[in-house]
Amino acid sequence: MTVLAVVFVCSGVFFLLLGAVGILRFPDFYTRMHAAGKCDTLGVLLTFLGLAIYEGFGLASAKILLIALFLLLTSPTATHAIARAALNNTVTRAGRPEETVRR
Amino acid sequence: MQVFFLATSLVILLAVLLALYRVIKGPAIIDRIVGLNVIGTKTITIILLTGFLFERIEFFIDIAFVYALINFIGLLTFSKYFERKGANDWRTGK
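Top line first, the protein sequences correspond to chains Y and C. Residue numbers are given in the numbering used here: position 52 of the first sequence equals residue 52, and the series is strictly consecutive. Residue numbers are given in the numbering used here: position 86 of the second sequence equals residue 189, and the series is strictly consecutive.
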């Protein structure tokens, strides 16, 4: 059981680190948003699943899974909200400097 | 197992530093806010790992839940504000 928890936590931390590298290296706002939203959601879910497996059956692991469910619902919502705010305010894309997206 | 949790926390701290570079250096203010959201999500994981490190997980879970709520509501408030105000650079005003 501990080995399974270590595997889940390590893969989750790998995705978190990959998301951080993506937000550092990508050229414009929307690709950065792509890396941040997907990698953060998957990495946090895998890490919390591993921690819940390590904790065992009980109230604490149920609360950890509740936080994971909350992040699964709210992280794509937050990504969508901030991307729509950028799209409505003509944040330019890389390679297309003078583009007016909406309005 | 404590060494594993400490090493995991340090690797996530490295990811936080990579995102902090984007917060400091990001060209528009909306890039900084995305970096802050990423840092907040990693902070929730670090809080839970700290709970496992000190073997007081039943206290640290509630702190992590409140931090997740504050992170989500803060980002929604920022995006609502920038939909009306404009999301460009605060230094150049473009």
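No residue lacks a Cβ here, since even glycine has one placed at the ideal position from N, Cα and C. Note that the structure is predicted; figures quoted are calculated from it, not measured.
**Prompt:** T74(Y) touches chain C at which residues, Cβ-Cβ below 7 Å?
**Reply:** What T74(Y) touches in chain C: F175.
**Residue-chain proximity (L156(C), chain D), Cβ-Cβ < 7 Å** = The question asks about chain D, but that chain is absent: this structure's protein chains are Y and C.
**Asked** Thinking just about the alpha-carbon of each residue, which of T79(Y), T47(Y), N88(Y), A78(Y) is nearest to the one in F185(C)?
**Response** The shortest Cα separation from F185(C) among T79(Y), T47(Y), N88(Y), A78(Y) belongs to N88(Y).
**Within-7 Å CB hit, I132(C) to chain Y** = Chain Y places no beta carbon closer than 7 Å to that of I132(C), leaving this residue out of the contacts.
**Prompt:** How close, in whole Å, do the beta carbons of T41(Y) and L71(Y) come, if the pair is a contact with beta carbons under 8 Å?
**Reply:** With 8 Å as the limit, T41(Y) and L71(Y) qualify as a contact, their Cβ atoms being about 7 Å apart.
**Asked** Where S75(Y) and G37(Y) are concerned, what is the direct C-alpha to C-alpha distance, given to the nearest angstrom?
**Response** Computed Cα separation, rounded: 7 Å.
**Request:** Could you check the C-alpha separation between K128(C) and L24(Y) for me, to the nearest Å?
**Result:** Roughly 10 Å separates the two Cα atoms.
**Asked** Since A171(C) contacts I67(Y) with CB under 8 Å, what's their CB separation in whole angstroms?
**Response** Yes, they are in contact, since the Cβ atoms of A171(C) and I67(Y) sit about 6 Å apart, within 8 Å.
**Asked** How would you list, in chain order, the residues of chain C whose beta-carbon sits under 9 Å from the beta-carbon of I67(Y)?
**Response** Under the 9 Å cutoff, chain C gives I147, L151, I164, A167, F168, A171.
**Prompt:** Between the Cα of G12(Y) and the Cα atoms of G22(Y), G43(Y), A60(Y), which residue gives the shortest distance?
**Reply:** Distances from the alpha-carbon of G12(Y) to those of G22(Y), G43(Y), A60(Y) put G43(Y) closest.
**Message:** Please report the straight-line C-alpha distance between A20(Y) and S61(Y), rounded to a whole angstrom.
**Reply:** If I take the Cα positions, the gap works out to 27 Å.
**Prompt:** Comparing alpha-carbon positions, which option in N140(C), T148(C), F157(C) lies nearest A83(Y)?
**Reply:** In terms of Cα proximity to A83(Y), the closest of N140(C), T148(C), F157(C) is N140(C).
**Prompt:** How long is the line joining the alpha carbons of G177(C) and I147(C), rounded to whole angstroms?
**Reply:** If you draw a straight line from the Cα of G177(C) to the Cα of I147(C), it is about 15 Å long.
**P130(C), DSSP secondary structure in three states** = If DSSP states are grouped into helix, strand and coil, P130(C) belongs with coil.
**Prompt:** Going straight from the alpha carbon of T2(Y) to that of T153(C), what length do you get?
**Reply:** Taking the Cα positions, T2(Y) is about 18 Å away from T153(C).
**Request:** Compare the C-beta of A122(C) against all C-beta atoms of chain Y and say whether one is closer than 7 Å.
**Result:** Yes, its Cβ sits closer than 7 Å to a Cβ of chain Y.
**Request:** Identify which residue in L156(C), I136(C), L179(C), I150(C) has its Cα closest to the Cα of D165(C).
**Result:** Nearest option by C-alpha distance: I150(C).
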